[in-house]
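The numbering of the sequence shown is my numbering, which starts it at 12 and goes up by one. Backbone N, C-alpha and C fix where the C-beta goes; we use that ideal spot for every residue, glycine too. A short worksheet on the structure shown next.
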Amino acid sequence: MRLRALLDTDALGLRLLGGEDELDRTVRGVMTTDLRDPSRYLSGGELVLTGLAWRRDADDSEPFVRILAQAGVAALAAGEAELGAVPDDLVAACVRHRLPLFAVHESVAFATITEHVVRQVSGERAGDLAAVVDRHRRMMTSGPTGGGPDVVLDLLGSDLDLRAWVLSPTGRLIAGPKIAGPGMPADLSAELAAEHLAAVRTGRRGPHRVTLGPATYSLFPIRSSGRAAQGSRDVRETVLSDWLLAVEADAGDWPAERLDLLQGVTQLISVERDRRDAARTVRRRLAQEVLELVQSGAAPAEIAARLRVAAPVLLPGLGAAPHWQVVVARVEWAGSDVEAGPVAQSLLEEILVDPLATGPEPSDRIAVAHTGDEAIALVPLPAVSAEHDGSEAGILADTLLETVRDPLSAGLDEDGQVTLGVSAAVHSAEGLRGALEEARHARRVAAARPGRVCAAGHQELASHVLLLPFVPDDVRRAFTARLLDPLRDYDRRHRAELIPTLEAFLDCDGSWTRCAARLHLHVNTLRYRVGRIEQLTSRDLSRLEDKLDFFLALRMS
């Protein structure tokens, strides 16, 4: 807004004392101060309001006005409530430094002027930014030269002083402002994503406001423009795939114009989301073709030919044929007919991106198909060196979900579950069918575990862990109760620690010396405890069969 507009507003009660030739200056903000030197808080373009408490005598006016002029403020407004009139020495100093000076009538509160200026300036900034965003929308929709969402976030920072970030539903940083200081810490982004997903599951309309530490954030959903136009029948169809815009500000007291502007920004960023989904079409089709060949029992030579087509797309510039891993994911909702395959596909594409990577580009190395309610990823790995067989290379199930478990659990709420299975790495087409079955078996092992988000890897399929999840619950309960309940009851009555002793004894392969050392017991004390276990259960821990029964009971309990 212009200084001239302030004089045209009767409610402000301003009277011009000097600087009539400077009334076309632009006001970009407002500040109230009675500091003798407020320069550290000035950035230029402000209307400075002062009650003159800094002035002790006439000599104070000159240095005060000089500081304001050097900081580039737009004008000074002095209140008349304290001294009854603005001192002549202040008027003279403002004339010397060509700084417009207003007198504020004692009946007008500084808060009234501040509210008026902020409202006007914010409205004008929003209008200016809306025009810029509109131009950028046309640039982004016409081709990839628009600069992506980072440019839009920089506009929010420079024009509205808003720091904002685009996050995936797992909390991965997709885009952030380049000119607004350091990026967002990974733990904070994951927490914001969890808060957003939890709020979405309640059905509340955005933006969702949350306070974490000293800062308040407003969270806006970014939906695919196609889904936004069609409408979603069930929030569970999109809650695990939609991006979000996290703005470091409290939108609770924003005017409708600013809220509308931010909604426009989310629609603009959704263009980038749609472009990323379109770019995944080729990779998804490659994965689907390979999957159909593998499941139909096609000849290895035919599968290998299709893999040779896929490899340059997923790992461009790679000289040797890669190794491959298969990851199977399933999303299940209790009592719902939500089509789970596409949900699992989008989610798996996100989970398999390196959590430390930023932007959508790292997903260009992942090919995910879906069949029925499960999604299947074909993950290329650079060929390992000759001294390795590939079994330790690539994705590990126990680390796959570490950074995304909390956000996903919030989105799943009490009625959803995500389970993943990971195969070993294979180096040829002949191994893909086995890798697929291996990943599916591992996913079923994960599904039998407690928790909303679980994964299992191929390493677990060679042991008893593969079998235990498929034992019926009533059989598990009866078996463990028969062996362990007598020991638990005895421990409750006597604090004898028989269960911990049994676990340690089996873990030490029945070695009296090693077990006693681990438990910090005398060997005779250990022998007494083991004897008590055998007496209470009518079992003999020197027999392999009884050791195995105890081992399985502990694992199933």
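- With respect to G95, G62 sits apart: the two C-beta atoms are not nearer than 8 Å.
- When L563, Q336, E57 are compared, the shortest CA-CA separation from R488 is found for L563.
- Close CB contacts of D253 within its chain, under the 7 Å cut and outside five residues either way in sequence, are with P180, P232, I233, R234 (chain order).
- Under the three-pair Cβ rule at 8 Å, the stretch 545-557 does not count as touching the stretch 525-534.
- Unbroken alpha helix (DSSP H) stretches of 4 residues or longer found wholly inside the stretch 283-368: 311-325, 351-362, given in chain order.
- Of all alpha-carbon atoms in A340, R296, E350, the one lying nearest the alpha-carbon of V320 is that of R296.
- Note: M42 is bridge-paired with V59 in the DSSP secondary-structure output.
- Note that the C-beta distance between R463 and Q428 is below 8 Å.
- Across the set A435, A351, L223, the C-alpha of A351 shows the shortest separation from the C-alpha of D245.
- Shown here, R15 sits in a helix according to DSSP, grouped into three states.
- According to DSSP, residue pairing for L27 in a beta bridge involves F113.
- Taking 8 Å as the cut-off, the beta carbon of A340 is found closer than this to the beta carbon of L359.
- Per the DSSP secondary-structure output, W176 pairs in a beta bridge with A257.
- The continuous stretches of alpha helix (DSSP H) do not include L431, which lies in the beta strand (DSSP E) extending over residues 427-433.
- When the beta-carbon positions are compared, P160 and E283 come within less than 8 Å of each other.
- In terms of CA proximity to E31, L14 leads the group G346, L513, S229, L14.
- Under the three-pair Cβ rule at 8 Å, the stretch 491-511 does not count as touching the stretch 422-441.
- Counting C-beta atoms within 10 angstroms of its own C-beta, G346 has fewer than 16 neighbours from the protein chains shown and is therefore classed as exposed.
- In summary, A22 is exposed, with fewer than 16 beta-carbon neighbours lying within 10 Å of its beta-carbon over all protein chains present.
- In the displayed model, R220 falls within a strand according to three-state DSSP.
- Secondary structure within the stretch 459-518: the beta strand (DSSP E) runs of 3 or more consecutive residues, fully enclosed, are 464-468 (chain order).
- Where I544 is concerned, there is no enclosing beta strand (DSSP E), although the alpha helix (DSSP H) around it starts and stops at 534-548.
- Close CB contacts of M42 within its chain, under the 6 Å cut and outside five residues either way in sequence, are with E57, V59 (chain order).
- When rounded, the separation of the alpha-carbon atoms in V211 and G217 is 8 Å.
- CA-CA distance, Y539 to D500, rounds to 18 Å.
- For the 8 Å CB-CB criterion, V541 and F516 form a contact.
- In the structure shown, V97 adopts coil according to DSSP, grouped into three states.
- The beta-carbon distance between A310 and L389, rounded to whole angstroms, is 18 Å. This is too long to meet the 8 Å contact definition.
- When rounded, the separation of the alpha-carbon atoms in L34 and P111 is 7 Å.
- For the pair E248 and L447, the Cα-to-Cα distance works out to about 26 Å.
- For V128, the three-state secondary structure derived from DSSP is helix.
- Per DSSP, reduced to three states, the secondary structure at A457 is helical.
- Cβ-Cβ separation between Y228 and L255: approximately 10 Å, too far for a contact (criterion under 8 Å).
- At a Cβ-Cβ threshold of 8 Å, W335 and A436 count as neighbours.
- Counting C-beta pairs closer than 8 Å gives three or more between the stretch 81-88 and the stretch 105-124, which meets the contact rule.
- Using a 10 angstroms sphere on the CB of R109, the tally of other CB atoms stays under 16, which defines it as exposed.
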